[in-house]
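Protein chains in written order, with my numbering: chain F, 7 to 392; chain H, 4 to 371. By construction, the Cβ of each residue, glycine as well, lies at the ideal position given by its N, Cα and C atoms. In what follows, a structure is listed as structure tokens, so that the remarks can point back to it.
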Amino acid sequence: MKTLYFILEKEFRQLLRNRQLMRTLLLAPLIQLILLPLAADYTVKDIQIAVTDNDHSPTSQRLIAKITASGYFRLAGYTASYPQALQMVEQDKADLALQIPAHFERDLVRENSKQLYIAINAIEGTKANLGGAYLQNIISDFNDDVRIQWNVSGVENSQSTPGDSQQITAGDIPQVTVTSSNWYNPLLKFPLYMVPAILVTLVTAMVAMQSAFNIVQEKESGTIEQINVTPIKKHIFIIGKMIPFLVLGIVLFTMGLLVGRILYGIVPLGSLWVLYLSLIVYLFSMLGLGLLLATYSFTQMQAMSLSFFFINIFNMMSGVFTAVDSMPGWAQTIVATFPPSHFIKIMRMVVLKGSGFSDILPKLGAMALIGLFLNTWAVLNYRKTA
Amino acid sequence: MKQLFTFIRKEFLHVFRDRKTLLMLFGLPIAQIVLFGFALSNEIKDSRIALVDYSKDAVTTRLIGKIEASHYFDIRHTLADADQLNAAFKRGDIKMAVIFPVNFGDELIHTGKATLQVIADGSDPNQATTITNYLQSIVTDYNAELAQGAQQPLQIRPEVQMLYNPELRGAPNFVPGVMALVLMLVCTMMTSVAIVKEKELGTMEILLVSPFKPIYIIISKLAPNLLISVVNLFIILLLSDIFLDLPVKGSIALLVFCSILFILTSLSIGLLLSINAKTQQAAMMGSLMGMMLPTMLLTGFLFPIENMPLILQALSNLVPSRWYFIIVKRVMLKGLGFGAVWKETLILAAMCFLLFAISLRKFKIRLQ
């Protein structure tokens with residue numbers, strides 16, 4: 007026990023002495039946590055639309071006015087021909103192009119039906135999907151307006167029911183309507199969803215992987231040999247390496263929660279004890295991974311390449327930005343072995359929904375198992391190589 | 004000049020001698036491109052939902068059948084009581100619940116109107132809006148079935164065409180983004196570490212007292228990294244063509260030219276970082292941890308930049324990968340020529356020149 011105490015004293019001194027490192031470790035994440043949630047906003051608005059109006063009729067004018075008044079679309083410009091509108095899409099000046107063909111109004115009346123042409127830049131799937139859906143909704147709304155205005159029947163204009171998601175029903179055709187509500191985040195604020203997850207990625211990058219660098223640094227400078235020849239037991243050495251980063255992780259996490267509370271008004275609904283317990287289990291498993299990487303690396307460059315690889319994969323695939331549910335099955339299986347994917351879920355559940363200990367138990371257990379596995383592997387491997 | 008070549012040779016030997024690191028420098032970026040290209044997409048499908056059917060009649064059965072058939076939804080639970088919903092949401096089992104009130108079918112037939120209730124887990128706003136929309140369109144579909152026979156007059160029929168990516172796959176958006184991200188971070192990191200390592204080992208001192216110009220030191224340090232990155236680039240392009248069905252539609256020469264410009268910019272950032280860092284660890288923290296998330300978010304492949312607050316939009320202009328991402332999308336996916344990307348290329352060139360000039364000026368020829 008006394009050895010551990012001395013080792014810890016050494017580690018803490020080394021860590022705290024390195025001012026530049028401490029600054030990066032503590033300040034960089036805070037600045038990122040303050041700024042980045044603002045960047046993470048999926049809300050699709052201000053979709054740029056290029057319009058080719060070959061009809062120039064009152065109807066086409068009204069349709070365009072309705073589209074631009076909707077708030078979702080912004081008119082990027084009128085073009086004389088459809089190919090020109092498509093060219094605007096090509097040059098990223100517009101996200102979608104709408105063509106109202108010549109004789110649109112006339113044909114609509116005469117033939118009772120007329121096409122419109124829409125082309126959407128689909129490289130960004132979300133924007134394309136939502137933009138297309140919004141535009142079609144507006145057109146379908148407009149269609150109803152036109153019917154009412156020209157009062158063509160076959161359709162009795164039944165009284166329109168209030169509520170934006172409800173269509174004007176036509177006569178006695180039965181209609182199913184939908185009322186929707188959103189629990190836990192009724193205003194659908196995006197930072198509420200992103201802040202907990204970004205905090206996890208920051209803790210991961212700043213702290214969990216540091217243990218790998220730290221040990222490899224001792225390898226590279228040769229000081230690890232000096233420790234190896236002392237009667238310090240391996241597990242004490244490892245625990246001594248882990249505890250400072252565990253503490254640092256907890257400090258960083260706490261600062262992050264405070265920033266979330268002050269700037270974004272995020273107060274965890276669930277209990278803090280559940281959060282911190284999960285944090286400790288999480289740090290345990292990630293420090294295990296760091297240790298494992300350290301046993302396989304001989305230079306800091308190698309340790310860094312490996313950690314960069316894992317951190318990048320964790321960031322991209324753990325459900326921070328894209329939904330894990332929509333991945334193919336094999337990818338979901340891989341993701342289930344990533345500790346951050348579990349911790350991010352726990353964070354979101356506890357912070358936003360107030361989930362309790364029993365709700366998160368399966369995820370906590372999975373994380374503990376992964377941690378145990380990684381640490382055992384690391385310790386076994388460490389014995390052999392050192 | 005001869006000095007320079009000798010020196011470049013030394014650097015190459017350093018890099019190629021270390022097989023393990025080399026393997027990592029090639030293998031890991033490639034693994035990421037493939038993994039992300041296949042696994043990531045912005046699409047939302049297979050969302051787990053729960054059904055509460057108080058009515059259990061022909062209409063609800065028909066609607067449930069339609070929901071089941073959609074690949075957007077995965078019905079996890081059929082609950083008897085809406086009271087269980089809160090618990091299911093809290094366990095994270097479901098993302099949405101659809102509730103059919105009692106006498107749903109009867110009301111529809113007799114009053115011509117029935118309302119079903121949707122509750123979404125709003126903690127993920129994007130998913131909540133999207134799946135509510137999906138359900139809405141299933142119901143609209145059903146209504147259209149009901150209305151069949153009653154011909155709607157004055158029908159406006161929008162014909163929608165999805166350009167460049169008709170199947171709405173994730174890869175066309177993510178591959179250029181990940182390319183920018185991986186190239187930028189790997190280049191920055193390799194360079195910053197290479198120089199700081201000499202400082203740490205003390206060999207920098209020897210270099211500085213030699214009659215060797217500082218610019219030669221810098222060039223020889225950058226040369227192997229440039230080569231590695233260019234090889235990486237070609238492998239990535241080849242892989243995305245073969246596995247992800249994303250060939251380079253435009254001119255390959257143009258894409259490679261812009262990529263080299265981008266790689267040089269990232270190498271210069273690494274150079275700049277290495278000048279201020281004293282230890283490899285600090286250099287890594289700066290290049291990797293400090294830059295990773297900002298690059299990820301401000302490149303624009305995860306979230307649309309035009310949605311961000313003005314200050315972040317301004318900030319994103321300083322991120323080289325943002326411009327590179329635009330170039331790759333236009334040249335690789337849309338097949339446009341230099342005329343469409345000259346502005347972005349010019350910005351990259353200016354950044355590259357500026358960063359290189361600053362690091363050259365600040366490069367210290369004394370250690371302390």
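Beta carbon proximity, residue i to chain H, threshold 8 angstroms
i: Met355 (chain F); result: yes
i: Thr30 (chain F); result: yes
i: Val184 (chain F); result: yes
i: Asn321 (chain F); result: yes
i: Tyr388 (chain F); result: no
i: Ala372 (chain F); result: no
i: Ile174 (chain F); result: Only weak support is given to the placement of Ile174 (chain F): the predicted model assigns it a pLDDT of 41, under 50, and the question is left unresolved by the model.
Residue i versus residue j: straight-line alpha-carbon distance, rounded
i: Thr30 (chain F); j: Val265 (chain F); result: 17 angstroms
i: Gly160 (chain F); j: Ser277 (chain F); result: With a pLDDT of 44 at Gly160 (chain F), under the threshold of 50, the modelled position of that residue is not reliable, and the figure given next carries that caveat. Roughly 60 angstroms separates the two Cα atoms.
i: Phe18 (chain F); j: Val251 (chain H); result: 52 angstroms
i: Thr348 (chain H); j: Ser347 (chain F); result: 38 angstroms
i: Leu363 (chain H); j: Lys224 (chain H); result: 13 angstroms
i: Gly169 (chain F); j: Thr183 (chain F); result: Summary for Gly169 (chain F): the model assigns pLDDT 38, below 50, so the residue's position carries little reliability; its value from the coordinates is reported in the next sentence. Straight-line Cα distance between these residues: approximately 10 angstroms.
i: Trp383 (chain F); j: Leu102 (chain F); result: 53 angstroms
i: Ile220 (chain H); j: Ala360 (chain H); result: 14 angstroms
i: Ser146 (chain F); j: Glu309 (chain H); result: 27 angstroms
i: Thr191 (chain H); j: Arg354 (chain F); result: 33 angstroms
i: Ser217 (chain F); j: Met193 (chain H); result: 20 angstroms
i: Tyr57 (chain H); j: Pro345 (chain F); result: 40 angstroms
i: Asn3 (chain H); j: Leu358 (chain H); result: Outside the displayed range of chain H (4 to 371) lies residue 3 (chain H), so it cannot be described from this structure.
i: Gln173 (chain F); j: Ile129 (chain F); result: Reliability fails at Gln173 (chain F), whose pLDDT of 42 lies under 50, so the model's placement of it is uncertain and the value that follows must be treated cautiously. Their backbone Cα atoms lie some 31 angstroms apart in a straight line.
i: Ser166 (chain F); j: Leu149 (chain H); result: Residue placement at Ser166 (chain F) cannot be trusted, given a pLDDT of 39 that sits under 50; what the coordinates show is reported in the next sentence. Between Ser166 (chain F) and Leu149 (chain H), the C-alpha separation is close to 19 angstroms.
i: Val257 (chain F); j: Gly289 (chain H); result: 20 angstroms
i: Gly338 (chain H); j: Ser254 (chain H); result: 7 angstroms
i: Trp156 (chain F); j: Asn118 (chain F); result: 12 angstroms
i: Gly40 (chain H); j: Asn106 (chain H); result: 48 angstroms
i: Thr328 (chain F); j: Ala75 (chain F); result: 31 angstroms
CB contact check: residue i to chain F, cutoff 8 angstroms
i: Thr206 (chain H); result: no
i: Glu46 (chain H); result: yes
i: Arg94 (chain H); result: yes
i: Met192 (chain H); result: yes
i: Gly173 (chain H); result: yes
i: Gly115 (chain H); result: yes
i: Lys337 (chain H); result: yes
i: Gln164 (chain H); result: yes
i: Pro312 (chain H); result: yes
i: Phe41 (chain H); result: yes
i: Ile159 (chain H); result: yes
Test item: CB-CB of residue i and residue j under 8 angstroms
i: Thr305 (chain F); j: Asn387 (chain F); result: no
i: Ala42 (chain H); j: Ala134 (chain F); result: no
i: Phe76 (chain H); j: Ser50 (chain H); result: yes
i: Gln223 (chain F); j: Gln284 (chain H); result: yes
i: Ile204 (chain F); j: Leu42 (chain F); result: yes
i: Gly377 (chain F); j: Val287 (chain F); result: yes
i: Phe103 (chain H); j: Thr63 (chain H); result: yes
i: Val334 (chain H); j: Val344 (chain H); result: yes
i: Ser271 (chain H); j: Ala183 (chain H); result: no
i: Thr282 (chain H); j: Glu201 (chain H); result: no
i: Val185 (chain H); j: Met307 (chain F); result: no
i: Ser126 (chain H); j: Tyr199 (chain F); result: yes
CB-CB length for residue i against residue j, believed under 8 angstroms
i: Asp144 (chain H); j: Lys48 (chain H); result: Their Cβ separation, rounded to whole angstroms, is 17 angstroms, which puts Asp144 (chain H) and Lys48 (chain H) out of contact at 8 angstroms.
i: Gly246 (chain F); j: Leu10 (chain F); result: 6 angstroms
i: Val178 (chain H); j: Ile329 (chain H); result: About 14 angstroms separates the two Cβ atoms, so there is no contact after all.
i: Val95 (chain F); j: Asn60 (chain F); result: About 17 angstroms; that fails the 8 angstroms criterion.
i: Thr343 (chain F); j: Met292 (chain F); result: Thr343 (chain F) to Met292 (chain F), Cβ: 13 angstroms. No contact.
i: Phe79 (chain F); j: Ile106 (chain F); result: That pair is no contact at about 14 angstroms.
i: Met261 (chain F); j: Leu36 (chain F); result: 6 angstroms
i: Met295 (chain H); j: Leu188 (chain H); result: 6 angstroms
i: Met323 (chain F); j: Val341 (chain F); result: 5 angstroms
i: Asp47 (chain F); j: Phe304 (chain H); result: Actually they are not in contact, since the Cβ atoms of Asp47 (chain F) and Phe304 (chain H) sit about 14 angstroms apart, beyond 8 angstroms.
i: Ile3 (chain F); j: Leu38 (chain H); result: The first residue shown for chain F is 7 and the last is 392, placing residue 3 (chain F) beyond what the model contains.
Under 7 angstroms from the C-beta of residue i: neighbouring residues of chain B
i: Gly293 (chain H); result: Note that chain B does not occur in the displayed structure, where the protein chains are F and H.
>> Give the list of continuous beta strand (DSSP E) stretches no shorter than 3 residues that lie fully inside the segment 252-327 of chain F.
In response: none
>> Quick check on the DSSP output: what are the complete alpha helix (DSSP H) runs of length 4 or more inside the segment 292-348 of chain H, in order along the chain?
In response: 293-301, 313-319 and 323-331
>> Threshold first: 3 residues or longer. Then list the beta strand (DSSP E) segments lying entirely within the segment 131-190 of chain H, N to C.
In response: 158-166
> In chain order, which continuous runs of the beta strand (DSSP E) of length 3 or greater are located wholly inside the segment 21-76 of chain F?
Replying inline: 53-59
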